[in-house]
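The opening residue of the sequence shown carries number 152 in our numbering; numbering runs sequentially from there.
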Amino acid sequence: MYKLLDHHSQSQVHDCPTSETGSSNPNIPPEFLREAVFAGESFWDLEAAYGRVDGVVKTVTGYCGGSLRKPTYREVCEGRTGHTEAVKVTYDKRKVSYASLCDAFWETHDPTNKEFLNFGISTHQRSVIFYSTDEERRKAQESKIRRQMKLNRRIVTKSIASDGADFFTAENQYQKYYLQKHYRILAMDGGLVIGRLAKFIETHELSKKTRLAIEEVIEDLS
152 MYKLLDHHSQ SQVHDCPTSE TGSSNPNIPP EFLREAVFAG ESFWDLEAAY
202 GRVDGVVKTV TGYCGGSLRK PTYREVCEGR TGHTEAVKVT YDKRKVSYAS
252 LCDAFWETHD PTNKEFLNFG ISTHQRSVIF YSTDEERRKA QESKIRRQMK
302 LNRRIVTKSI ASDGADFFTA ENQYQKYYLQ KHYRILAMDG GLVIGRLAKF
352 IETHELSKKT RLAIEEVIED LS
């Protein structure tokens, strides 16, 4: 799970580390580290999801598969560059496998959304697994088949070779987006916010999903 940022001034938010999750371990021998790139709707949600996977040591949001070098978020969202919002995941292969990361991928968004097939204004948000080896391609396909067998709608996710699909790191303000949002809450008055959220849970009828989400925010801010 992500840890809260240590800095407490608005000017430092955009200078926070852009690549490491709270579980990052610089002592991991490099021969055990591997990288994988995924795209599934918003890279904010995708990064947050993979940041909670045991064995993931680093996550970076960025843009992949387009024609322009070093695009900006605005350019990508306007659909002028052909890039897709993506997340580069660095993981310890001893703790989590590439196949497991692919299996987790289907839980982060709706891979059957036909909007991902439209290469117009929504080009920047697609469902893609970028593989770098034949073995990764095979494992991604096997994972897709396993998931498809559980669904009654066709998965539209593409598997694309990472060769020629350069990954460009997104701007700092789009790294650890939700973590930075939590930081801003703390900067205003974390204690007050936690108290109000706790009271809200006690005095309102909430769905289980909503209650769990609020409890998670309280835990992260405590």
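Backbone N, C-alpha and C define an ideal beta-carbon position, used for all residues, glycine too. Note that the coordinates shown come from a computational prediction; the quantities given were computed from them, not determined experimentally.
*Please work out which residues of its chain come closer than 7 Å, Cβ to Cβ, to LYS290, disregarding the five sequence neighbours upstream and downstream, and give them in chain order.*
Translated into the one-based positions of the sequence shown, residue 290 becomes position 139. So the list reads TYR249, ALA250 and CYS253, once near-sequence residues are dropped.
*Report yes if the CB atom of GLY213 is closer than 8 Å to the CB atom of ALA321, and no otherwise.*
Translated into the one-based positions of the sequence shown, residue 213 becomes position 62. Translated into the one-based positions of the sequence shown, residue 321 becomes position 170. For GLY213 and ALA321, yes; Cβs fall inside 8 Å.
*Expressed to the nearest angstrom, what Euclidean distance is found between the alpha-carbon atoms of SER278 and ILE179?*
To locate residue 278, count along the sequence shown from 1; it is residue 127. To locate residue 179, count along the sequence shown from 1; it is residue 28. Rounded to whole angstroms, SER278 to ILE179 spans 30 Å at the Cα level.
*Return the chain-ordered list of same chain residues with a C-beta closer than 7 Å to the C-beta of ALA349, the five sequence neighbours on each side being excluded.*
Locating residue 349 in the sequence shown gives position 198, counting from the first residue. Only ILE369 meet the Cβ criterion.
*asked:* Just to confirm the assignment, what range does the beta strand (DSSP E) spanning ARG225 have?
replied: Sequence index remark: in the sequence shown, residue 225 carries index 74 (1-based). First-last for ARG225: 224–228, but that is the alpha helix (DSSP H), not the beta strand (DSSP E).
*Roughly how many angstroms separate the alpha carbons of THR263 and ASN323, rounded to a whole number?*
Taking the first residue of the sequence shown as 1, we reach residue 263 at position 112. Taking the first residue of the sequence shown as 1, we reach residue 323 at position 172. Approximately 30 Å, taken between the alpha carbons.
*State the start and end residues of the unbroken alpha helix (DSSP H) segment that holds ILE296.*
Counted from its first residue, the sequence shown places residue 296 at position 145. First-last of the alpha helix (DSSP H) with ILE296: 285–299.
*Can you round the beta-carbon distance between PHE194 and ILE280 to whole angstroms, since I take them to be within the 8 Å contact cut?*
Here residue 194 refers to the residue found at position 43 when the sequence shown is read from its first residue. Here residue 280 refers to the residue found at position 129 when the sequence shown is read from its first residue. The pair is not a contact, with the Cβ atoms about 14 Å apart (cut-off 8 Å).
_Host beta strand (DSSP E) of ASP254 (start-end)_ = The residue given as residue 254 occupies position 103 in the sequence shown. Careful: ASP254 lies outside any beta strand (DSSP E), inside the alpha helix (DSSP H) at 249–256.
*Are ARG225 and TRP257 touching if we call contact CB-CB under 8 Å?*
Here the question's residue 225 lines up with position 74 in the sequence shown. Here the question's residue 257 lines up with position 106 in the sequence shown. Not a contact, by the Cβ cut-off of 8 Å.
_Selected residue, minimal CA-CA separation from PHE267, among SER313, ASP314, ALA199 and ARG305_ = Translated into positions along the sequence shown, residue 267 becomes position 116. Of the listed residues, the one whose Cα sits closest to PHE267 is ARG305.
*So what's ASP205 in DSSP terms, helix, strand or just coil?*
Indexing the sequence shown from 1 puts residue 205 at position 54. Three-state DSSP puts ASP205 in coil, outside helix and strand.
*asked:* Is the separation between the beta-carbon of PHE318 and that of LYS221 shorter than 8 Å?
replied: Within the sequence shown, the letter at position 167 stands for residue 318. Within the sequence shown, the letter at position 70 stands for residue 221. For PHE318 and LYS221, no; Cβs fall outside 8 Å.
*Decide if LEU197 is buried, meaning its Cβ has at least 16 other Cβ atoms within 10 Å, or exposed.*
The residue labelled residue 197 in the question sits at position 46 within the sequence shown. By the 10 Å Cβ count, LEU197 comes out buried.
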